[in-house]
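Keeping their order, the protein sequence lines are chains U and S. In terms of our numbering, the first sequence opens at residue 1 and continues consecutively. In terms of our numbering, the second sequence opens at residue 220 and continues consecutively. Have a look at the structure below, then the notes.
Number of protein chains: 2
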Amino acid sequence: MKEFIPILKRTQLFSGVGEEEIGAMLNCLQAKLCIYIKGEYVLRQGEHLDKILVLVGGKLHIQRDDYWGNRSIINMISVGEMFGEAYVAPESGTLMNDVLAVEDSAVIFFDVKRIITVCSAACRFHSIVVQNLFFAISEKNRKLVQKLTFMSKRTTREKLIAYLSEEAKRHNSNEFCIPFNRQQLADFLSVDRSAMSNELCKMRDEGLICFEKNRFGLL
Amino acid sequence: MKEFIPILKRTQLFSGVGEEEIGAMLNCLQAKLCIYIKGEYVLRQGEHLDKILVLVGGKLHIQRDDYWGNRSIINMISVGEMFGEAYVAPESGTLMNDVLAVEDSAVIFFDVKRIITVCSAACRFHSIVVQNLFFAISEKNRKLVQKLTFMSKRTTREKLIAYLSEEAKRHNSNEFCIPFNRQQLADFLSVDRSAMSNELCKMRDEGLICFEKNRFGLL
DNA sequence: ACAAATCGGTTGTATTTACAACAGAAAGAG
DNA sequence: CTCTTTCTGTTGTAAATACAACCGATTTGT
Numbered sequence: 001m002k003e004f005i006p007i008l009k010r011t012q013l014f015s016g017v018g019e020e021e022i023g024a025m026l027n028c029l030q031a032k033l034c035i036y037i038k039g040e041y042v043l044r045q046g047e048h049l050d051k052i053l054v055l056v057g058g059k060l061h062i063q064r065d066d067y068w069g070n071r072s073i074i075n076m077i078s079v080g081e082m083f084g085e086a087y088v089a090p091e092s093g094t095l096m097n098d099v100l101a102v103e104d105s106a107v108i109f110f111d112v113k114r115i116i117t118v119c120s121a122a123c124r125f126h127s128i129v130v131q132n133l134f135f136a137i138s139e140k141n142r143k144l145v146q147k148l149t150f151m152s153k154r155t156t157r158e159k160l161i162a163y164l165s166e167e168a169k170r171h172n173s174n175e176f177c178i179p180f181n182r183q184q185l186a187d188f189l190s191v192d193r194s195a196m197s198n199e200l201c202k203m204r205d206e207g208l209i210c211f212e213k214n215r216f217g218l219l
Numbered sequence: 220m221k222e223f224i225p226i227l228k229r230t231q232l233f234s235g236v237g238e239e240e241i242g243a244m245l246n247c248l249q250a251k252l253c254i255y256i257k258g259e260y261v262l263r264q265g266e267h268l269d270k271i272l273v274l275v276g277g278k279l280h281i282q283r284d285d286y287w288g289n290r291s292i293i294n295m296i297s298v299g300e301m302f303g304e305a306y307v308a309p310e311s312g313t314l315m316n317d318v319l320a321v322e323d324s325a326v327i328f329f330d331v332k333r334i335i336t337v338c339s340a341a342c343r344f345h346s347i348v349v350q351n352l353f354f355a356i357s358e359k360n361r362k363l364v365q366k367l368t369f370m371s372k373r374t375t376r377e378k379l380i381a382y383l384s385e386e387a388k389r390h391n392s393n394e395f396c397i398p399f400n401r402q403q404l405a406d407f408l409s410v411d412r413s414a415m416s417n418e419l420c421k422m423r424d425e426g427l428i429c430f431e432k433n434r435f436g437l438l
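What follows is the structure in C-alpha cells.
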C-alpha cells in the first residue's frame, strides 16, 4: 500500500498532511487496499457501508439500473476522489446505488469510525482529515445540486447545453474533453443515446458546438 | 429569540444539546433572527453565503428559475431543517439557487466560522453541534441522490411512481399528505403541470393510486 | 491479420411531453 | 355575500422523445 501514499497526499481527504503522517495514519484508520478489474462491482445497491473509499487508480461510476434496464449514472469518481462520506451517519441505511469499476481500479478503504472519533493516540493530523472530510462532503453536495439543475431541464438539448457549459466553466476553456462516451453521457443525463446523438449533430450543424470523439468545443 | 429555543432543541443541528446550553451558544454562534413574509426571498442566486440558516417557522423552497421561466424546486425546507451547510467550505463560491419563503417564515442565521472552528471559550457542546452538522450534511447528500434517482426516470408516470413510493416509505403508510400543491409538485419533478395532472388522473382511473388534494394513497 | 465487439451516427414510427387555452371548484379578500 | 384569485382538471396540437433496427468505423482480443 505504501506506493499509493504519494497519490493519497494529493487527495482532498489528506490535503495538508505530509507523506510520513499519512503512512502513520494508514494503521490508525485501518486502511485496506482492494483491486478491481474493469466491469467489476466495487459495491452493490443494498449493501451496508461502514467505510469510506478513496480511489487511487482507475475510474468508478456511481449508478443505478431500474427494472427496465435503464441505467442512470449518478456520479463519476476519478483518481483522488472518494465515496461513502454520505453513509457515515449511524442510521444512514443501506447503499442506494451500485459502484462500478469502469476501468481497472485500485481502491483504499478507511474505517469510518476511526475517522470521525478522534483517536486517543492523538495523531496530530487527525483533525485536519476530519475537516477535509467535511469540506469534501460539502463540495459533493454542491455538485449534486448542480447536477440536479441540469437534470431538471426539460429537453435533451437544454440538458446538453447545461452540461457542456458547466464543463467549459470547470476547464476554464471553450474546448475540453468529457469523461464519458456517448452511451455513458446519455446515462448521465438520463436521455436516450440515439436521440442525444441526433441532437448533438443538429447542434453541430447549427454551429453551436463542435466535437470529435470525447473532445467538445463551444462556439 | 429566546422563544425559539424549544424549537431549536428539536432540530437536527442541536440534537443532544439542552435548552440552557443552546441559550448560551446563541451568542457564541452569533445567532440572528430574521422574519420573512410569504413570497419573499431569503437568499438569491449569486449571493455569497457565510452563514448557516435554521428554519424555526414556516416553509422554504430551494429553487431556480431559468431563462424561459421554468422553475425547478430543488428541495424543500421544513421547520427544524437547515440550509447552507454545503457552502461552509472556504472556496465554495456563490449560491446556485434562490431560497424562497413559501409561507410566512422565521429563520435563524448562525456564523459558520464560529461553528467549524472550536471556540476558545470551549463551550462543552460545541463538538456535538459539529458532529450533528456533519450528519446533517451527510443526510442531505443522500436525499439529493435519492431525488436524482427519480429525476432520472424518463416519463412523468415513472417519476410520479418513484416519488410517491418514496413518500409512502418515508411515512410508513400507503396514505400520506405531500407538502406540495400540483404546480409545486410539477416544479419539483421538473415536468409540465397539466401533463402531470393528466397522468395522475390516468393512474387514478387505472386504480394505481387515489388522491384528494394533497392526500395520496397507493393501491 | 482477422474476427468479434464496441461505438457513433442515421432513420422511421409510436409514444410522450410541452404548451396554450379554457372551465369549474375552492379559497381568499373586501 | 360577492368578487377576485388561485387551484385543478381537461382537451387539442405541435414538438420532442423513446425505441428498435441498421450500418459503417473504430477498437479490441487472439
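Every residue, glycine too, gets a C-beta built ideally from N, C-alpha and C.
Proximity below 8 Å, CB of residue i to CB of residue j
i               : j               : result
M301 of chain S : A355 of chain S : yes
F176 of chain U : F216 of chain U : yes
L252 of chain S : G303 of chain S : no
D98 of chain U  : L29 of chain U  : no
G57 of chain U  : S105 of chain U : yes
I334 of chain S : I271 of chain S : yes
V273 of chain S : T313 of chain S : no
Rounded separation between residue i and residue j - CA only
i               : j               : result
L88 of chain U  : E266 of chain S : The sequence given here places Val at residue 88 of chain U; Leu does not occur at that position. Approximately 30 Å between the Cα atoms of the pair.
R64 of chain U  : K221 of chain S : 46 Å
K228 of chain S : L43 of chain U  : 37 Å
A101 of chain U : V79 of chain U  : 12 Å
I128 of chain U : E21 of chain U  : 11 Å
E103 of chain U : D66 of chain U  : 23 Å
S409 of chain S : L367 of chain S : 11 Å
I178 of chain U : M203 of chain U : 17 Å
D205 of chain U : R193 of chain U : 18 Å
K159 of chain U : Y36 of chain U  : 32 Å
M370 of chain S : M151 of chain U : 7 Å
S72 of chain U  : F180 of chain U : 13 Å
E199 of chain U : F134 of chain U : 39 Å
R361 of chain S : M96 of chain U  : 9 Å
N433 of chain S : I293 of chain S : 19 Å
V349 of chain S : H280 of chain S : 25 Å
E167 of chain U : C420 of chain S : 40 Å
I224 of chain S : A86 of chain U  : 29 Å
D161 of chain U : G237 of chain S : According to the sequence shown, residue 161 of chain U is Ile rather than Asp. Going from the Cα of I161 of chain U to the Cα of G237 of chain S covers about 50 Å.
A186 of chain U : G242 of chain S : 51 Å
Y382 of chain S : Q264 of chain S : 26 Å
K221 of chain U : R401 of chain S : In the structure as shown, chain U begins at 1 and stops at 219. Residue 221 of chain U is therefore absent and cannot be evaluated.
Y41 of chain U  : L13 of chain U  : 23 Å
N174 of chain U : N393 of chain S : 50 Å
Closer than 7 Å: residue i CB and nearest the ligand GDP heavy atom
i               : result
E175 of chain U : Although the ligand GDP was asked about, the structure shown includes no ligands whatsoever.
Nearest residue (CA-CA) to residue i, options the options
i               : options                           : result
L208 of chain U : U:R154, U:E139, U:S165 and U:N172 : U:S165
N132 of chain U : U:F4, U:P6, U:S15 and U:I7        : U:S15
N27 of chain U  : U:I108, U:V56 and U:G39           : U:I108
K278 of chain S : S:S416, S:N417 and S:Q403         : S:Q403
T156 of chain U : U:N181, U:I5 and U:M196           : U:M196
V391 of chain S : S:F399, S:L437, S:E377 and S:L363 : The sequence shown places Asn at residue 391 of chain S, not Val. When only C-alpha atoms are compared, the closest one is S:L437.
G69 of chain U  : S:L419, S:E425 and S:K372         : S:K372
L144 of chain U : U:R204, U:G57, U:I35 and U:F188   : U:F188
M295 of chain S : S:I254, S:Y255 and S:K359         : S:K359
I126 of chain U : U:T94, U:E19 and U:M25            : Inspection of the sequence shows that residue 126 of chain U is occupied by His rather than by Ile. The residue with the shortest Cα to Cα distance from H126 of chain U is U:M25.
E91 of chain U  : S:A381, S:S357, S:I256 and S:R412 : S:S357
K388 of chain S : S:N433, S:Q365 and S:G242         : S:Q365
Segment limits, alpha helix (DSSP H) that includes residue i
i               : result
Q183 of chain U : R182 to L189
E418 of chain S : R412 to D424
I334 of chain S : V331 to I335
Boundaries of the beta strand (DSSP E) in which residue i is found, first to last residue
i               : result
I5 of chain U   : Where I5 of chain U is concerned, there is no enclosing beta strand (DSSP E), although the alpha helix (DSSP H) it sits in stretches over I5 to K9.
L219 of chain U : Where L219 of chain U is concerned, there is no enclosing beta strand (DSSP E), given that its DSSP letter is neither H nor E.
L245 of chain S : Run containing L245 of chain S: none in the beta strand (DSSP E); it sits in the alpha helix (DSSP H), E238 to C247.
K257 of chain S : From DSSP, K257 of chain S is part of no beta strand (DSSP E); its letter is neither H nor E.
I428 of chain S : I428 to E431
F176 of chain U : E175 to C177
Alpha helix (DSSP H) segments (min. 4 residues) lying fully within the stretch 348–391 of chain S: Complete alpha helix (DSSP H) runs here, min 4: 375–390.
Ordered list of beta strand (DSSP E) runs contained in the stretch 259–325 of chain S, each at least 3 residues: If we require 3 residues or more, the beta strand (DSSP E) runs fully inside the stretch 259–325 of chain S come out as 260–262, 270–276, 279–284, 290–296 and 317–320.
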